[in-house]
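Scroll down for the structure; my scribbles are underneath it.
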Amino acid sequence: MFQKKIIFILLLSLVSKFIFTSCEEEAPLRSYPRVKTLDVDQINSSGARFNAIIFSEDNGDIFEHGFVWGLDPTPTIEYGEKVVLQDAIESGEFSINITTTLLEGTTYYVRAYSKSDEYLVYGRAVGFNSLGSLAPIILGVEPSLGTFRDTVTIS
């Protein structure tokens, strides 16, 4: 009887050691920054605020980050509206108020992105219903006179 108890205790300690040591493995470091698009907030008739977080684990300099949005559920920097944020960022939260280009009653999809030396990384797309936005402010038109096929720059 005593021998069965010792075997049981040894087996129990061996099984518990296996269970607890296998749970202590750390997740491998990623070789690219991660981006999480947060919910859009402050949605009103003047626009909306886009929010995101970048997680970076010393994996190259992030030289560009921002948001892309559009009617497509997976907007990209090539085929969507885009805003590039100028502040340098390695990791942390960032956001921007979008006050133009949003039509009332339209569903838009937005996702954050970051570019590092080697990677372009997108966050998941987040949908929201727009209540509209402000009209753009036109500061100038160049050239002031033109003809057919001239290029016009609006600033």
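Oh and the sequence shown: position 154 is 158 in the numbering used here, straight run, nothing missing.
Heads up, the beta-carbon is just placed ideally off N, CA and C, and yes, glycines get one too.
- A distance of 8 Å or more separates the beta carbons of Pro37 and Ser99.
- With a contact defined as Cβ atoms closer than 8 Å, Ile93 and Ile142 miss out at about 31 Å.
- Straight through space, the alpha carbons of Val145 and Gly74 are spaced by roughly 26 Å.
- Taking Asp76 as the centre and dropping the five residues before and after it, the same chain places the C-beta of Tyr83, Gly84 and Tyr113 closer than 8 Å to its C-beta, in chain order.
- If the five residues before and after Ser50 are omitted, its C-beta is found closer than 7 Å to the C-beta atoms of Thr103, Ser137 and Leu138, all from its own chain and listed in chain order.
- Excluding the 5 residues flanking it on each side, Val125 has same chain C-beta neighbours closer than 6 Å at Tyr36, Pro37, Val39 and Ser118, in chain order.
- With 16 or more other CB atoms across the displayed protein chains lying within 10 angstroms of its CB, Pro79 is buried.
- The stretch 37 to 80 contains, as complete beta strand (DSSP E) runs of 3+ residues, the segments 38 to 41, 45 to 48, 51 to 59 and 66 to 74 (chain order).
- Per DSSP, Ile142 has no beta bridge partner at all.
- The bridge partners DSSP lists for Arg115 are Val72.
- Judged by DSSP in its simplified three-state form, Thr155 adopts coil rather than helix or strand.
- Counting only the Cα atoms, Thr155 lies some 39 Å from Asp43.
- Annotated as distal: Thr105 and Asn133, with beta-carbon spacing of 8 Å or more.
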